[in-house]
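Asks:
Number of protein chains: 2
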Amino acid sequence: MDFFEQVGKKALGSRLRRLSESITEEAGEIYRLYDIGLQPKWFPVFYVLSQSQEKAITTIAEEIGHSHPSVSKLVTEMSRNGLVIEKKDRSDGRRNVISLSKKGREVAVKIEPLYIDVNNAIEQALAQTRNDLWKAIDEWEFLLKQKSLLRRVEEQNKQREAQYVTIIDYTPKYRKLFKQLNEEWITKYFKMEEADHKALDHPQKNIIDKGGYIFIALYKDEPLGVCALMKMNDPYYDFELAKMAVSPKAQGKNIGWLLGQAAINRAKTLGAKNIYLESNTILKPAINLYHKLGFKKVAGHPTPYERSNIQMELILQL
Amino acid sequence: MDFFEQVGKKALGSRLRRLSESITEEAGEIYRLYDIGLQPKWFPVFYVLSQSQEKAITTIAEEIGHSHPSVSKLVTEMSRNGLVIEKKDRSDGRRNVISLSKKGREVAVKIEPLYIDVNNAIEQALAQTRNDLWKAIDEWEFLLKQKSLLRRVEEQNKQREAQYVTIIDYTPKYRKLFKQLNEEWITKYFKMEEADHKALDHPQKNIIDKGGYIFIALYKDEPLGVCALMKMNDPYYDFELAKMAVSPKAQGKNIGWLLGQAAINRAKTLGAKNIYLESNTILKPAINLYHKLGFKKVAGHPTPYERSNIQMELILQL
DNA sequence: ATTATTTATGTAACTGGTTACGTAAATATA
DNA sequence: TATATTTACGTAACCAGTTACATAAATAAT
């Protein structure tokens with residue numbers, strides 16, 4: 001059986017390459033058929049030069065989408081074959097300005113029928129297909145410009161991983177985990193502070209009993225992430241989102257986002273108006289996550305934490 | 319403006335390559351994202367091995383469509399990285415039998431989610447397009463298997479060139495040309511015979527006046543091909559197709575075919591039943607042409623020509 | 001049984017591109 | 001005006017494949 005049929009669409013890249021190779025290989029024979037003294041690899045450079053008076057190396061490279069050393073080499077070869085002329089730019093001594101030689105211009109005339117025939121051959125073949133390859137490429141280039149394949153795959157990944165994640169409410173058996181996961185990242189970047197000990201050593205008393213909540217993220221039944229929604233004694237903020245921690249081995253599985261969502265949903269359910277949080281700008285992924293959750297930066301709130309250098313809020317009801 | 323838009327469809331090959339390159343480049347990042355110790359270039363080899371117990375180098379090469387040295391190199395690298403095990407075949411000392419190592423099999427398990435995500439990402443992107451790239455490739459590979467791009471281009475070429483060719487009837491001003499073009503090929507492969515001189519020196523008397531015809535092919539108004547339809551004194555054959563000659567500089571422009579067609583049409587118009595011809599098997603393109611015109615080999619006719627070692631006929635009416 | 005051919009594989013050299021790096025000219029900045 | 005930065009381009013080294021060639025084992029032919 002054909003390899004690509006077996007592998008499936010994940011081999012799209014290789015399959016495209018195989019097709020493009022078989023086509024470019026034939027291109028070589030076609031050039032030979034028309035007896036044009038032109039190597040297929042020269043074609044892009046040759047073509048842009050035939051459409052213009054003269055062009056510098058980098059300009060050509062940009063237009064045809066090659067690197068400049070590639071064009072540099074091609075031009076040297078073409079120059080040796082008498083197809084192009086190199087000359088230094090008078091007003092800019094760095095630029096090597098290339099133009100077609102007399103012979104090159106003759107080739108440009110001689111190649112015209114080839115252009116016509118190849119174009120027609122491809123058009124006719126395209127007309128016989130139900131899915132237009134040319135337009136399909138158009139569409140793909142557009143899609144990939146909008147959102148890279150990498151990001152598309154990442155999204156698939158997140159979506160799939162999310163199936164394995166369940167967010168549950170705190171029970172005392174997670175007390176040690178709650179402390180451990182938080183201590184891990186706090187001591188990595190900062191040091192444990194008084195308020196940390198208070199919340200992490202006695203979550204029941206200092207968070208739950210005061211009207212707050214703690215969420216545990218289970219990844220395939222293993223608890224790997226935690227976060228707290230702490231009741232605030234503030235006329236404006238109902239809750240503070242805090243003590244968010246995800247095990248390093250579960251990073252990139254979107255667990256932070258799911259924990260955040262769970263906390264926000266709980267706050268909404270309880271009719272909360274605003275959520276507050278504090279963080280530090282060196283924790284870039286965290287700040288990023290808060291942004292994605294909808295938090296906006298605010299300034300000028302007193303904080304018991306030394307490490308806090310940024311405050312954010314999420315407005316639930318106007 | 320985008321190079322490919324300007325160049326048009328004749329750059330289909332390069333355009334495919336550009337797309338495949340951008341996709342395979344992203345593939346590398348995707349592998350990194352999933353933290354699988356696998357280089358993208360190893361993938362095809364890895365994949366076929368993961369689908370089977372063990373395979374020899376050439377078998378793998380055939381399946382994935384690479385050359386065997388390529389597979390040989392890839393396997394060496396993968397072996398150094400502990401992904402595969404090489405072992406000599408007991409019953410055939412030449413074969414190097416490859417199988418996944420323990421680590422390789424672990425990777426095969428670890429890579430599963432990547433397969434799923436990439437497949438889904440591509441499927442979803444495909445679903446957003448009007449022209450299905452995957453199916454379009456299918457169709458193109460089918461089309462190219464049926465008839466290569468080269469042949470398609472050749473056909474376009476012939477079709478276009480045919481516009482420039484006109485077939486006209488002999489007038490005395492072509493007498494020299496008629497002889498010259500024929501003498502050229504006859505003396506190149508054989509020697510001039512008595513019957514040649516008769517027909518070529520006095521075509522009016524020996525061909526036309528006897529009820530035969532001579533056709534001249536003009537390529538862009540320049541006479542570059544000739545052929546004769548000679549009346550035969552035979553109860554079965556009405557005419558003999560003979561003295562077909564095309565200038566070497568006009569070869570490959572389908573002129574022979576157009577001359578032959580003109581002669582056959584004339585014979586048909588005149589209600590002829592059968593056309594006869596003689597040739598030599600070393601003139602392969604000629605024999606080929608006669609076949610394409612519909613002539614079939616026949617045996618056992620007397621001939622005045624020494625060089626004739628094959629006789630053919632075209633039956634016009636049963 | 002010997003010899004010729006075919007097959008499986010590895011090595012070397014080539015191909016058409018790339019990235020990395022260095023240099024000189026042009027331009028921006030202090 | 002001196003210095004730093006940017007730009008244009010060439011050279012070198014690399015990359016993932018290829019073709020060309022050599023060798024040894026297996027198979028076919030004599």
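Chains as they are written, first to last, in this note's numbering: chain A, 1 to 318; chain B, 319 to 636.
Where a beta carbon is used, it is the ideal one built from N, C-alpha and C, also for glycine.
Please tell me whether residue 14/A has its Cβ less than 8 Å away from any Cβ of chain B.
Replies: Position 14 of the first sequence, counting from 1, holds the residue named residue 14/A. Cβ-Cβ to chain B under 8 Å: yes for residue 14/A.
Asks: Applying the 10 Å Cβ sphere with the 16-neighbour rule, what's the burial state of residue 239/A?
Replies: Here residue 239/A refers to the residue found at position 239 of the first sequence. Result: buried.
Asks: Could you check what DSSP says for residue 365/B in three-state terms: helix, strand or coil?
Replies: One-based indexing of the second sequence puts residue 365/B at position 47. Of the three classes helix, strand and coil, the one that applies to residue 365/B here is helix, per DSSP.
Asks: From residue 122/A to residue 327/B, what does the alpha carbon distance come to, in whole angstroms?
Replies: On the first sequence, position 122 is the one that residue 122/A refers to. On the second sequence, position 9 is the one that residue 327/B refers to. Taking the straight line joining both Cα atoms gives about 7 Å.
Asks: For a contact defined as C-beta to C-beta under 8 Å, what are the partners of residue 113/A on chain B?
Replies: Translated into the one-based positions of the first sequence, residue 113/A becomes position 113. Correct list: 475, 478.
Asks: In the segment 44-117 of chain A, which residue ranges form an unbroken beta strand (DSSP E) of at least 3 residues, counting only runs that do not cross its ends?
Replies: Runs of the beta strand (DSSP E) inside the segment 44-117 of chain A: 54-56, 84-88, 96-100.
Asks: Contact criterion: CB-CB distance below 8 Å. Does residue 613/B meet it with respect to chain A?
Replies: Residue numbering aside, residue 613/B sits at position 295 when the second sequence is read from its first letter. Answer no: the Cβ-Cβ gap between residue 613/B and chain A never drops below 8 Å.
Asks: Can you name the start and end residues of the alpha helix (DSSP H) that residue 346/B belongs to?
Replies: Translated into positions along the second sequence, residue 346/B becomes position 28. Residues 330-351.
Asks: Consider the Cβ of residue 17/A: report whether some Cβ of chain B lies at a distance smaller than 8 Å.
Replies: As a working note, residue 17/A is residue 17 in the first sequence. Cβ-Cβ to chain B under 8 Å: yes for residue 17/A.
Asks: Starting from residue 365/B, find everything on chain A with Cβ-Cβ shorter than 7 Å and list it in chain order.
Replies: Sequence index remark: in the second sequence, residue 365/B carries index 47 (1-based). Chain A residues near residue 365/B: 7.
Asks: Counting only Cβ pairs nearer than 7 Å, list the residues of chain B close to residue 136/A.
Replies: The residue given as residue 136/A occupies position 136 in the first sequence. By Cβ distance, chain B contributes 447, 449, 450, 451, 454.
Asks: Assuming residue 535/B contacts residue 577/B (C-beta within less than 8 Å), just tell me the rounded distance between them.
Replies: For the purposes of this step, residue 535/B is taken as residue 217 along the second sequence, with counting starting at 1. For the purposes of this step, residue 577/B is taken as residue 259 along the second sequence, with counting starting at 1. At roughly 5 Å, the Cβ-Cβ gap stays under 8 Å, so residue 535/B and residue 577/B are in contact.
Asks: Would you please verify whether the beta carbon of residue 345/B is less than 8 Å from any beta carbon of chain A?
Replies: Translated into the one-based positions of the second sequence, residue 345/B becomes position 27. It does: the Cβ of residue 345/B has a partner Cβ on chain A nearer than 8 Å.
Asks: State the DSSP-derived secondary structure class of residue 211/A, mapped to helix, strand or coil.
Replies: As a position in the first sequence, residue 211/A is number 211, starting the count at 1. If DSSP states are grouped into helix, strand and coil, residue 211/A belongs with coil.
Asks: Among 352/B, 430/B, 393/B, which one has its Cα closest to the Cα of residue 373/B?
Replies: What you label residue 373/B is simply residue 55 of the second sequence in a count that begins at 1. Among 352/B, 430/B, 393/B, the Cα nearest to that of residue 373/B is on 393/B.
Asks: Which term fits residue 460/B, buried or exposed, when burial requires 16 or more other beta carbons within 10 angstroms of its beta carbon?
Replies: Here residue 460/B is taken as the residue at index 142 of the second sequence, counted from 1. Residue 460/B should be labelled exposed.
Asks: What did DSSP end up calling residue 240/A once you bin it into helix, strand or coil?
Replies: Against the first sequence, residue 240/A aligns to sequence position 240. In this structure, residue 240/A counts as strand in the three-state DSSP scheme.
Asks: Indicate whether at least one CB of chain A lies closer than 8 Å to the CB of residue 458/B.
Replies: The count along the second sequence starts at 1 and reaches residue 458/B at position 140. Cβ-Cβ to chain A under 8 Å: yes for residue 458/B.
Asks: Distance cutoff 8 Å, beta carbons only. Does residue 125/A sit that close to anything in chain B?
Replies: Counted from its first residue, the first sequence places residue 125/A at position 125. Yes, residue 125/A lies at the interface with chain B (some Cβ there is under 8 Å from its Cβ).
Asks: List in chain order: all unbroken beta strand (DSSP E) runs of 3+ residues lying wholly within the segment 175-238 of chain A.
Replies: You should have 213-219, 222-231.
Asks: In the DSSP assignment, what residue or residues form a beta bridge with residue 596/B?
Replies: Within the second sequence, residue 596/B is the residue found at index 278, counting from 1. 629/B, per the DSSP bridge assignment.
Asks: Along chain B, in chain order, which residues have C-beta atoms closer than 8 Å to that of residue 168/A?
Replies: Residue numbering aside, residue 168/A sits at position 168 when the first sequence is read from its first letter. Going along chain B, no residue has its Cβ under 8 Å from residue 168/A, so there is no contact; the nearest lies around 24 Å.
Asks: Going along the chain, which residues of its own chain have a beta-carbon closer than 6 Å to the beta-carbon of residue 44/A, five neighbours each way excluded?
Replies: Position 44 of the first sequence holds residue 44/A. Excluding sequence neighbours, residue 44/A sits near 64.
Asks: So with Cβ pairs under 8 Å, would you call residue 121/A a contact of chain B?
Replies: Looking up residue 121/A in the first sequence gives position 121. Yes - at least one Cβ of chain B is within 8 Å of the one on residue 121/A.
Asks: In terms of alpha-carbon separation, which member of 619/B, 469/B, 631/B, 375/B lies closest to residue 404/B?
Replies: If you number the second sequence from 1, residue 404/B lands on position 86. Selected option, being the one with the closest Cα: 375/B.
Asks: If you drop the 5 nearest sequence neighbours on each side, which residues of the same chain put their C-beta closer than 6 Å to that of residue 250/A?
Replies: For this step, residue 250/A is matched to residue 250 along the first sequence. Counting only Cβ-Cβ distances below 6 Å, and skipping sequence neighbours, we find 219, 224.
Asks: Let me see if you follow: with CB-CB separation under 8 Å, is residue 153/A close to chain B or not?
Replies: Start at 1 with the first residue of the first sequence, and residue 153/A comes out as number 153. Yes, contact with chain B.
Asks: Since residue 485/B is in the beta strand (DSSP E), which residue starts that stretch and which ends it?
Replies: Taking the second sequence and counting its residues from 1, the one referred to as residue 485/B is at position 167. Residue 485/B -> beta strand (DSSP E) spans 483-487.
Asks: Does the Cβ of residue 154/A have 16 or more other Cβ atoms within 10 Å, making it buried, or fewer, making it exposed?
Replies: By one-based count along the first sequence, residue 154/A stands at place 154. Residue 154/A is buried by the Cβ-count criterion.
Asks: Please classify residue 324/A as buried or exposed, where buried requires at least 16 neighbouring CB atoms within 10 angstroms.
Replies: Missing from the structure shown is residue 324/A; chain A here goes from 1 to 318 and no further.
Asks: Near residue 134/A, which residues of its chain fall below 7 Å by C-beta distance, leaving aside the five closest residues on each side in sequence?
Replies: As a working note, residue 134/A is residue 134 in the first sequence. Around residue 134/A: 126.
Asks: Please tell me whether residue 563/B and residue 627/B are closer than 8 Å, where the distance is taken between their beta carbons.
Replies: Taking the first residue of the second sequence as 1, we reach residue 563/B at position 245. Taking the first residue of the second sequence as 1, we reach residue 627/B at position 309. Not a contact, by the Cβ cut-off of 8 Å.
Asks: Within a Cβ cutoff of 7 Å, which residues of the same chain sit near residue 623/B, ignoring the five residues on either side of it in sequence?
Replies: By one-based count along the second sequence, residue 623/B stands at place 305. Excluding positions up to five away in sequence, the list reads 511, 513, 596.
Asks: Report yes or no: is there a C-beta of chain B within less than 8 Å of the C-beta of residue 59/A?
Replies: Working through the first sequence from its first residue, we reach residue 59/A at position 59. By this cut-off, residue 59/A is not an interface position.
Asks: Just checking my contact of residue 592/B with residue 634/B at CB under 8 Å: how many whole Å lie between their CB atoms?
Replies: Translated into positions along the second sequence, residue 592/B becomes position 274. Translated into positions along the second sequence, residue 634/B becomes position 316. Contact holds; Cβ gap of about 6 Å.
Asks: Does chain A have any CB closer than 8 Å to the CB of residue 416/B?
Replies: In the second sequence, the residue the question calls residue 416/B occupies position 98. No - not a single Cβ of chain A is within 8 Å of the one on residue 416/B.
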